[in-house]
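Position one of the sequence shown corresponds to residue 1 (the UniProt record's numbering), numbered consecutively onward. Ideal placement from N, C-alpha and C gives every residue a C-beta, glycine not left out. Everything numeric in this text was worked out from a predicted model, so none of it was measured. Here is the structure we will look at, set down as structure tokens.
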Amino acid sequence: MDERNIKKMWEEAVDKSANKSVRDTYRGKTHPYFAEKKLSLNMPVFKINRNTKEGNTYPYSQRTIQDPGVRDSQEEILQTLDDTSLPSPKEHVKQTPTSQRNSSDLDTMDLKEILIDSENVSDYKSDIPPAFSTYEIEHELARGGMGVVYNARQNSLKRSVAIKQILPDSWTPSVQEKFIAEATVTAYLNHPNIPAVYDLGQGEDGDVLMAMQLVDGLSWVYILYPETFKHQLVAEKYSEEDHLHILLRICSAIAFAHNKGIVHNDLKPENIMIGEFHEVYIMDWGIAVDIWEDREEQLPIVSKNMVKRPMGTPSYMPPELAKGNGEKIGPWTDVYLLGGLLYEIIERQPPRTGDTTLEVLDHAVKGRTPQFSEHIPSELKNICLKALEKNTENRYQNVHEFQEDIEHYLRHRQSLMIADNSNRILQHCLGNLKNRSYDEEDNIRCYDNLAKSVAGFEQALLLWKDNQKALEGKQRAHIEYAQIALKNGDILLAEAQFVELNSSLKEAQQLSVQIQEAKKRRDRAQKMTKRLRWGIITAIVIIICGLFTVLLSIQEKQQKMALQYASLYTSSLTEFRSAYSSKIVSKMKELGVEVTHDYHDKENAIPFPATFSIELAEQISRNKNGIKARLYSNYPFAWRKNGGPRDEFQKTALQEAHKDSSKPFFRVEKYNNVPSLRYGKPVIMKQSCVYCHNNSDHSPKKNWKVGDVRGIQEVIIPLGSTIEEAKKLVLRIFLPITILALLMIFVMGVIISRKFPGSKI
């Protein structure tokens, strides 16, 4: 059947039900629990009848219309003129004639709740059951365009039941046949999740009546889409897992029906009731079909081969129902509808929506696949997609297969969810690396995410060791981890990831080759690095040796110059003292001038040569050039209390002078925290001084003789300025050379690092 003919059939079906063109009546309206387009029907507006008893609900629905123009129903049924399916209790109404209504009074109805039952009629003729008089009607529960439902009392069994009958104004032979067929099928399917039919017969006035189980509960749609505070309180008690368990109980009932050769054809939340104690009931078997061709006892329902026109709810129906292709109806038809329920559980919207009625119907005919949110677990998504396959042969072929996969998911739900989350982390990490330039921050973040991904897959496997998705994801994470590690030159990290891989994998074998090649590159880089390292060490040694040599040379020259200067200085002092003693002192004595140490206090007196030398040294020491001079002895005269050696150098100088008076004693050391040359030259007793020293009352020694070491004439010359000049010279000459050498070494290191990532230089 081509698309044009299918579209024409649908227009005829909807027009026949609405008595108005679909294209003319379709308009947009936002619904409280699901924003979608509505189909406004040219049908009587139903008002609330408040004599319904709260808590006791019609088995097909609990919802009621509250305001014209706003849909507040569980199930609105768009039916053909000869359709017998009863509307919900909110349609217990007083009918307003079409001529008395304004366009603003038009009620709206959800596409996901529209039911098309297009003239697929069974040729089975039922006998009218016997009298039906053992029930006491208590009050009316609901009234629709074609039927009414009462709360009744079955006195014989002391229980409340629901009594359903056709309205007199709606009675036709066809309507009655469908009424009897629905009652028969529902009774035929004796299952805990299908409301029981207790009786079927005639009332005292001859009307056909059906007594069935009175379901006290809430429509599933209110739990999925709570509209009131009361609904919200109930909905909060149901997790996604709870909803999946509801779906499994629906599956059990539908599988039972299939085992009896019956396909429901209109599974949707509006047709599911949830009892106060979590009972689950599948309602409205009005468009169920018989799929058995060789049934021994014929049932008064449509056989699948009789279905030639579209039927079902556009937002849920599979393509075979949308096309009216009855020959393709089978268990997989209800599987498709179960897949729609699964989609609504996880996405909180029907599997099919659109901006216009015909757009939704077109999607139904084409079996268009719905979109899924990113957070949906892939395992659950795949189950849903398989159930919603356009081609019947690609779907689950029976409810048991679908049910087993849901149960499998629930058993391993936590493991699968962790694996899915780990996979999202992995894909997000890899996507970021592809979409931006790679820098150090990305490197750190990627390592962290890869580690989280691997840990997540491992946790999933701890919960379920046969989680194939976690096994595959863990392998993929290790491979990507190793690849990025190789890119960063972290060969050891790459090897650690490789160890976790299945060696039979092609990617693992390729990774092994890459790791070996990386090792070879690393070894070559290490050799070059080693050579460069030794080159650096050699260059540094040469530079240090050069600097040391220059410093030694400067120091040696400086000390040599200082020695010459000190020798000259001490010699000058010695010669000056000798000249003073021999030339001046002797002459002054001849002239009667006294020679004494306290010459400052006497007239016509001059100092002893030693006193003169000491005072001269003190005067020299007061100069700002830093040069110091001192004359000291082991045997100073009594008036010279501090005339002996004062530190370790001076003591050593006297000792060395007694060993060899011909040689001066000197060394470089810090004096007053300044590097200095200390030079001590022995002072030898001369003939002109022997008599004075041996005969003076103040002399501590009386046995002096010529040649004795009388004392030490010391000169201290600071070397600091000379060393600083040498340092400045070194810096001026060698610092640029050193910087240039280090720069060249750095450039070489960068080149090697880029050519051989991971080499440590």
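Other residues of its chain near residue i: CB distance less than 6 Å, five sequence neighbours each side excluded
i, result
"glutamine 414", "Leu463"
"residue 796", "For the chain, the structure presents residues 1 to 761; residue 796 sits outside this window and is missing."
"tyrosine 33", "Residue placement at tyrosine 33 cannot be trusted, given a pLDDT of 28 that sits under 50; the coordinates are not used to answer."
"histidine 597", "Phe608, Thr611, Trp639"
"lysine 628", "Ser621, Ile716"
"asparagine 449", "Ile425, Cys429"
Helix, strand or coil at residue i [DSSP, three-state]
i, result
"glycine 473", "helix"
"aspartate 105", "Note that aspartate 105 has pLDDT 33, beneath the 50 cutoff, so the model's placement of it is unreliable and the number below is only indicative. Of the three classes helix, strand and coil, the one that applies to aspartate 105 here is helix, per DSSP."
"glutamine 371", "coil"
"glycine 312", "strand"
"glycine 340", "helix"
"methionine 210", "strand"
"proline 682", "strand"
"valine 706", "coil"
"tyrosine 281", "strand"
"tyrosine 198", "strand"
"isoleucine 262", "strand"
"tyrosine 225", "coil"
"tyrosine 135", "strand"
"histidine 698", "coil"
"proline 377", "coil"
Cβ neighbour criterion (16 or more within 10 Å) applied to residue i
i, result
"cysteine 429", "buried"
"isoleucine 383", "buried"
"glutamate 320", "buried"
"glutamate 344", "buried"
"residue 785", "Limits of the chain in this structure are 1 at one end and 761 at the other, which puts residue 785 out of reach."
"phenylalanine 457", "buried"
"threonine 172", "exposed"
"tryptophan 292", "exposed"
"residue 768", "Residue 768 is absent from the structure shown; the chain starts at 1 and stops at 761."
"residue 762", "Because the chain here runs from 1 to 761, residue 762 falls outside it and cannot be looked at."
"lysine 249", "Note on residue identity: the sequence assigns arginine, not lysine, to residue 249. Classification of arginine 249: buried, given that the 10 Å Cβ count is 16 or more."
"glutamine 510", "exposed"
"histidine 600", "exposed"
"proline 351", "buried"
"isoleucine 713", "A small fix is needed here, since residue 713 is glutamine in this sequence, not isoleucine. By the neighbour-count rule (16 or more Cβ atoms within 10 Å), glutamine 713 is buried."
Beta bridge counterpart(s) of residue i as assigned by DSSP
i, result
"leucine 677", "Val668, Ile717"
"glutamate 140", "Tyr150"
"glycine 546", "Looking at the DSSP assignment, glycine 546 forms no beta bridge with any residue, so it has no partner."
"glutamate 594", "Ala605"
"alanine 629", "Val715"
"serine 303", "Asp290"
"lysine 164", "Val149, Met210"
"glycine 217", "Gly275"
"arginine 159", "Gln154"
"tyrosine 635", "Per DSSP, none; premise fails for tyrosine 635."
Euclidean distance between Cα positions of residue i and residue j
i, j, result
"serine 572", "valine 541", "45 Å"
"leucine 376", "glutamine 475", "The question names leucine, but residue 376 in the sequence shown is isoleucine. Their backbone Cα atoms lie some 22 Å apart in a straight line."
"serine 661", "leucine 742", "54 Å"
"serine 578", "proline 607", "14 Å"
"arginine 710", "cysteine 689", "10 Å"
"serine 582", "methionine 685", "13 Å"
"tyrosine 238", "glycine 217", "15 Å"
"methionine 146", "leucine 167", "5 Å"
"glutamate 279", "aspartate 294", "34 Å"
"tyrosine 409", "isoleucine 479", "27 Å"
"arginine 411", "glycine 339", "19 Å"
"glutamate 618", "isoleucine 543", "45 Å"
"isoleucine 180", "aspartate 199", "11 Å"
"glycine 261", "threonine 333", "13 Å"
"aspartate 205", "glutamine 165", "12 Å"
"residue 762", "isoleucine 406", "There is no way to answer for residue 762, as the model of the chain reaches only from 1 to 761."
"leucine 342", "phenylalanine 402", "11 Å"
"glutamine 564", "serine 613", "21 Å"
"proline 314", "glycine 367", "11 Å"
"lysine 519", "isoleucine 491", "7 Å"
"valine 175", "aspartate 169", "11 Å"
Residue i Cβ short of 6 Å to the ligand FMN heavy atom set
i, result
"histidine 245", "You won't find the ligand FMN in this model; it holds no ligand whatsoever."
Beta-carbon proximity list for residue i, same chain, < 8 Å, skipping 5 on both sides
i, result
"asparagine 155", "Thr134, Tyr135, Glu136"
"phenylalanine 666", "Leu563, Ala566, Leu677, Arg678, Tyr679, Gly680"
7 Å CB neighbourhood of residue i in its chain, flanking five on each side removed
i, result
"asparagine 259", "none"
"methionine 588", "Val595, Ile606"
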